[in-house]
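Counted from 1, the sequence shown has number 625 at position 225 by my numbering; the numbering is strictly sequential.
Report on the following structure.
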Amino acid sequence: MNKIQEKRSIRAFMLSNVMAGLEGSIVATALPAMMAELHGIKLMSWVVTIYMLLMAVSSPIWTKLAERFGYKQMFVLGTLLFTIGSLGEGLAVNMLMVIVARALMGLGAGVMIQLPFVIYGMMYQADERRRVIGNTVAAYSFSTIAGPIVGGLIVTLLDWRWVFFINIPIGIYMAFIVWKNFDLKTDHTKKSIDFAGSASLSIAVIAIMLLFQMMGNAVINFPLLIALLVISLLFFTGFYFAEKRAVDPIVPLELFKNPSFIAKNIMFFMQYGFFGFYTNYLPTWGQGVMGATALVGGMVLIPSAIMLVIGTRNVNHLIQKVGEKRTIYIGFAIMVLGALFLFSLPEHASILMLFVATAILGTAFGIVNITLQVAVQESVAKHLIGAATAVNALLRTMGTTLVLSGLSIALNRTFTDSTAHNPKLTTTLLNQISDAQALKNIPTALVAPLRHTLFNGMHLLALISGLLLFIALFVNWLDPWKKGLE
Numbered sequence: 401m402n403k404i405q406e407k408r409s410i411r412a413f414m415l416s417n418v419m420a421g422l423e424g425s426i427v428a429t430a431l432p433a434m435m436a437e438l439h440g441i442k443l444m445s446w447v448v449t450i451y452m453l454l455m456a457v458s459s460p461i462w463t464k465l466a467e468r469f470g471y472k473q474m475f476v477l478g479t480l481l482f483t484i485g486s487l488g489e490g491l492a493v494n495m496l497m498v499i500v501a502r503a504l505m506g507l508g509a510g511v512m513i514q515l516p517f518v519i520y521g522m523m524y525q526a527d528e529r530r531r532v533i534g535n536t537v538a539a540y541s542f543s544t545i546a547g548p549i550v551g552g553l554i555v556t557l558l559d560w561r562w563v564f565f566i567n568i569p570i571g572i573y574m575a576f577i578v579w580k581n582f583d584l585k586t587d588h589t590k591k592s593i594d595f596a597g598s599a600s601l602s603i604a605v606i607a608i609m610l611l612f613q614m615m616g617n618a619v620i621n622f623p624l625l626i627a628l629l630v631i632s633l634l635f636f637t638g639f640y641f642a643e644k645r646a647v648d649p650i651v652p653l654e655l656f657k658n659p660s661f662i663a664k665n666i667m668f669f670m671q672y673g674f675f676g677f678y679t680n681y682l683p684t685w686g687q688g689v690m691g692a693t694a695l696v697g698g699m700v701l702i703p704s705a706i707m708l709v710i711g712t713r714n715v716n717h718l719i720q721k722v723g724e725k726r727t728i729y730i731g732f733a734i735m736v737l738g739a740l741f742l743f744s745l746p747e748h749a750s751i752l753m754l755f756v757a758t759a760i761l762g763t764a765f766g767i768v769n770i771t772l773q774v775a776v777q778e779s780v781a782k783h784l785i786g787a788a789t790a791v792n793a794l795l796r797t798m799g800t801t802l803v804l805s806g807l808s809i810a811l812n813r814t815f816t817d818s819t820a821h822n823p824k825l826t827t828t829l830l831n832q833i834s835d836a837q838a839l840k841n842i843p844t845a846l847v848a849p850l851r852h853t854l855f856n857g858m859h860l861l862a863l864i865s866g867l868l869l870f871i872a873l874f875v876n877w878l879d880p881w882k883k884g885l886e
């Protein structure tokens with residue numbers, strides 16, 4: 401593989417992250433029209449859930465398959481699955497077809513988002529790896545923010561089905577570019593496939609993530625929660641024993657004997673939990689508390705994406721000056737400042753203050769994310785880079801899901817307390833306060849107390865999420881920061 405082929409391949413890998421990231425956020429704009437045509441409102445949540453679940457759980461499996469059968473082959477296969485799923489969803493005539501197609505897309509996205517980072521770990525030394533990963537993360541971040549805007553334009557100008565059809569030519573082009581240009585020389589040792597470990601891990605993770613998501617519901621089904629908890633514990637136990645016996649385990653247990661690897665994954669877990677808070681709730685803060693339109697509310701995240709790029713571009717320089725551990729301190733300290741800034745905002749603050757907050761947080765996220773991403777790979781021996789990267793991706797997704805579930809519980813509790821003190825305030829009205837159209841139907845006398853209730857809820861979530869950052873700082877202090885060969 402020459403330099404031109406390498407550049408083409410890297411661009412294709414970046415494009416894969418753009419596509420998968422865009423798909424995770426763009427679908428929200430297609431859902432109303434999709435539900436109206438296919439009459440599937442009761443299954444609507446599964447359109448998002450099945451995609452996220454299979455994307456998360458398939459990452460370690462794809463990585464192990466790539467080690468055995470080839471990175472190029474598995475990347476192209478995953479991209480084609482994503483493309484076929486896009487075609488199926490665009491042609492869907494009922495909700496069952498939509499969900500099956502979303503499952504295929506989720507499986508494909510598990511390759512498209514994750515495998516490039518494993519490949520970067522195999523191809524590049526730390527400094528160059530940080531640069532390439534920084535560009536890829538920036539592309540992914542922009543795509544998730546642009547998703548609702550792009551989706552809205554497509555649905556308005558064309559039809560909801562084109563939200564998915566647009567993936568087809570891009571997916572085919574991307575698979576072709578990688579197939580023709582990419583070639584990573586690795587030793588594809590023919591070892592037995594860890595079927596028991598793969599199956600038990602998949603079931604355990606799906607059960608625990610469904611458990612997390614259901615915990616955030618306003619009405620909780622406790623028998624089902626207990627059943628999911630039991631299933632996850634049983635299959636995690638089965639997974640442990642399967643990995644002990646496996647010739648080539650999907651997740652080598654020696655990773656969890658490495659204190660530096662564990663510490664960095666805990667920091668990642670905390671960071672992505674906080675990231676989930678500010679990307680999911682700050683638009684609601686802008687719309688529901690400050691009265692911004694949906695367009696302006698969505699735009700509050702744009703400074704985050706821009707400053708993330710600036711943060712990533714300065715990471716190598718910062719590490720050369722102060723080292724990796726201090727760079728993480730600096731990144732998390734900036735993130736804490738952003739969290740404190742949010743917590744200090746008064747109820748009637750200008751929407752511009754949220755733009756300032758996301759700019760601060762985006763800078764910090766760029767610094768921390770890239771430094772930790774490479775540090776996770778550097779903390780293990782080279783033959784474990786694939787497994788370490790896959791485990792890290794899975795834990796990041798679980799961190800976001802778990803924290804968002806906890807925040808949803810806290811927010812619902814705030815709503816319950818407010819409605820108990822003022823019976824005129826209902827959960828339905830609180831849900832409508834962020835919608836400009838629904839706001840017109842809310843009695844004027846209730847708008848101020850509804851905004852105040854939501855403001856209190858946002859403040860509480862900022863406090864809870866900010867505590868995660870202090871945990872991350874403490875873990876960084878404990879981290880020995882040893883390299884994989886030490």
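For every residue, glycine included, the Cβ atom is placed at its ideal position computed from N, Cα and C.
How far does the alpha helix (DSSP H) with L480 in it reach, from first residue to last?
Position 80 of the sequence shown, counted from the start, is the residue given in the question as residue 480. Run containing L480: Y471 to G490, per the alpha helix (DSSP H) assignment.
Do the region 675-684 and the region 517-529 touch if we need at least three Cβ pairs shorter than 8 Å?
Contact check between the region 675-684 and the region 517-529: fewer than three CB pairs, one atom from each, fall below 8 Å, which does not count as touching.
Quick check on the burial criterion: 16 or more other C-beta atoms within 10 angstroms. Buried or exposed for M437?
Numbered from 1 along the sequence shown, position 37 holds the residue referred to as residue 437. Checking the displayed sequence, the identity of residue 437 turns out to be Glu instead of Met. It counts as exposed.
Segment limits, alpha helix (DSSP H) that includes D527:
Mapped onto the sequence shown, residue 527 falls at position 127. Start and end: A526 to L557.
DSSP state of E886 mapped onto helix, strand, coil:
Here residue 886 refers to the residue found at position 486 when the sequence shown is read from its first residue. Note that E886 has pLDDT 46, beneath the 50 cutoff, so the model's placement of it is unreliable and no number is given.
Does L885 pass the burial test, meaning 16 or more other C-beta atoms within 10 Å, or should it be called exposed?
For the purposes of this step, residue 885 is taken as the residue at position 485 of the sequence shown. Confidence is the limiting factor: at L885 the pLDDT is only 49, short of 50, which leaves the residue's position unreliable, though a coordinate-based value still follows. Sixteen is the threshold: since fewer than 16 other Cβ atoms of the shown chains lie within 10 Å of the Cβ of L885, the residue is exposed.
9 Å Cβ cutoff met for I730 and P548:
Translated into the one-based positions of the sequence shown, residue 730 becomes position 330. Translated into the one-based positions of the sequence shown, residue 548 becomes position 148. I730 is not a Cβ neighbour of P548, given a cutoff of 9 Å.
At the level of alpha carbons, what is the spacing between V689 and R851?
Residue 689 sits at position 289 when you count from the first residue of the sequence shown. Residue 851 sits at position 451 when you count from the first residue of the sequence shown. If I take the Cα positions, the gap works out to 5 Å.
What separation, rounded to the nearest whole angstrom, lies between the Cα atoms of I417 and I572?
Walking along the sequence shown from the start, residue 417 turns up at place 17. Walking along the sequence shown from the start, residue 572 turns up at place 172. One detail in the question is off: residue 417 reads as Asn in this sequence, not Ile. Each residue's Cα considered, the two are about 15 Å apart.
In the structure shown, what three-state DSSP assignment does K644 receive?
The residue labelled residue 644 in the question sits at position 244 within the sequence shown. Of the three classes helix, strand and coil, the one that applies to K644 here is helix, per DSSP.
From which residue to which residue does the alpha helix (DSSP H) around D817 run?
Position 417 of the sequence shown holds residue 817. From DSSP, the alpha helix (DSSP H) with D817 extends over I785 to H821.
Taking all protein chains shown into account, decide if G723 is buried (16 or more other Cβ within 10 angstroms of its Cβ) or exposed.
As a first step, residue 723 must be located in the sequence shown, where it is residue number 323. With fewer than 16 other Cβ atoms from the protein chains shown falling within 10 Å of its own Cβ, G723 counts as exposed.
Could you tell me the distance, in whole angstroms, from the CA atom of L861 to the CA atom of E489?
Indexing the sequence shown from 1 puts residue 861 at position 461. Indexing the sequence shown from 1 puts residue 489 at position 89. Distance between the alpha carbons of L861 and E489 is about 35 Å.
Which stretch, first to last residue, makes up the alpha helix (DSSP H) that contains E747?
Counting from one through the sequence shown, the residue named residue 747 turns up at place 347. The continuous stretches of alpha helix (DSSP H) do not include E747, and DSSP gives it neither H nor E.
Is it buried or exposed for N567, if we count other Cβ within 10 angstroms and need 16 for buried?
In the sequence shown, counting from the first residue as 1, residue 567 sits at position 167. By the Cβ-count criterion, N567 is buried, with 16 or more other Cβ atoms from all chains shown falling within 10 Å of its own Cβ.
If contacts are defined as beta-carbon pairs under 8 Å, then P683 and G698 qualify, I think. What distance do you get, rounded to the angstrom?
As a first step, residue 683 must be located in the sequence shown, where it is residue number 283. As a first step, residue 698 must be located in the sequence shown, where it is residue number 298. About 6 Å separates the beta carbons of P683 and G698, which is inside the 8 Å limit, making them a contact pair.
For a quick check, are the C-beta atoms of F668 and V776 less than 9 Å apart?
Reading the sequence shown from its first residue, position 268 is the one you call residue 668. Reading the sequence shown from its first residue, position 376 is the one you call residue 776. Pairing F668 with V776 gives a Cβ-Cβ distance under 9 Å.
With a 10 Å radius around its C-beta and 16 neighbouring C-beta atoms as the bar for buried, classify D879 as buried or exposed.
Within the sequence shown, residue 879 is the residue found at index 479, counting from 1. With 16 or more other Cβ atoms within 10 Å, it is buried.
Buried/exposed call for A602, threshold 16 Cβ in 10 Å
Taking the first residue of the sequence shown as 1, we reach residue 602 at position 202. The residue asked about is misnamed: residue 602 is Ser in this sequence, not Ala. Its Cβ being crowded by 16 or more others within 10 Å, S602 is buried.
Is it the case that the region 552-561 contacts the region 796-807, given that we only count it when at least three CB pairs across the two stretches are under 8 Å?
No, they do not touch.
Entirely enclosed alpha helix (DSSP H) segments - the region 576-611, minimum 4 residues
Runs found: none.
What would DSSP say about A759, mapped onto helix, strand or coil?
Here residue 759 refers to the residue found at position 359 of the sequence shown. In the three-state DSSP reduction, A759 falls in the helix class (H, G or I).
Length of the line joining the Cα atoms of V696 and Q687:
Taking the sequence shown and counting its residues from 1, the one referred to as residue 696 is at position 296. Taking the sequence shown and counting its residues from 1, the one referred to as residue 687 is at position 287. Distance between the alpha carbons of V696 and Q687: 8 Å.
To the nearest angstrom, report how far apart V774 and V448 are at their CA atoms.
Counting from 1 along the sequence shown, the entry for residue 774 is found at position 374. Counting from 1 along the sequence shown, the entry for residue 448 is found at position 48. Here the alpha carbons of V448 and V774 stand approximately 29 Å from one another.
Simplified DSSP assignment, three categories, for H852:
Start at 1 with the first residue of the sequence shown, and residue 852 comes out as number 452. The three-state secondary structure of H852, taken from DSSP, is helix.
Please report the residue range of the alpha helix (DSSP H) in which T679 lies.
Position 279 of the sequence shown holds residue 679. Run containing T679: P659 to T684, per the alpha helix (DSSP H) assignment.
N-terminal and C-terminal residue of the alpha helix (DSSP H) that R502 is part of
By one-based count along the sequence shown, residue 502 stands at place 102. Counting along the chain, the unbroken alpha helix (DSSP H) around R502 starts and ends at M495 to M523.
Roughly how many angstroms lie between the CA atoms of I728 and T544, to the nearest whole one?
Taking the sequence shown and counting its residues from 1, one reaches residue 728 at position 328. Taking the sequence shown and counting its residues from 1, one reaches residue 544 at position 144. One C-alpha to the other measures close to 25 Å.
Leaving out five residues before and five after T758 in sequence, what residues of the same chain have Cβ atoms less than 6 Å from its Cβ?
Here residue 758 refers to the residue found at position 358 of the sequence shown. Counting only Cβ-Cβ distances below 6 Å, and skipping sequence neighbours, we find V700, L701, P703 and S704.
In its own chain, which residues sit with a C-beta less than 8 Å from the C-beta of S409, not counting the 5 before and 5 after it?
Counting from one through the sequence shown, the residue named residue 409 turns up at place 9. Closer than 8 Å at Cβ, skipping near neighbours: M401, I577, V578, N581 and F582.
I'd like the span of the alpha helix (DSSP H) that includes V709, first residue to last.
By one-based count along the sequence shown, residue 709 stands at place 309. Run containing V709: I702 to R713, per the alpha helix (DSSP H) assignment.
Three-way DSSP call (helix, strand, coil) for T826 in this model
Counted from its first residue, the sequence shown places residue 826 at position 426. The three-state reading of DSSP puts T826 in coil, since its state is none of H, G, I, E or B.
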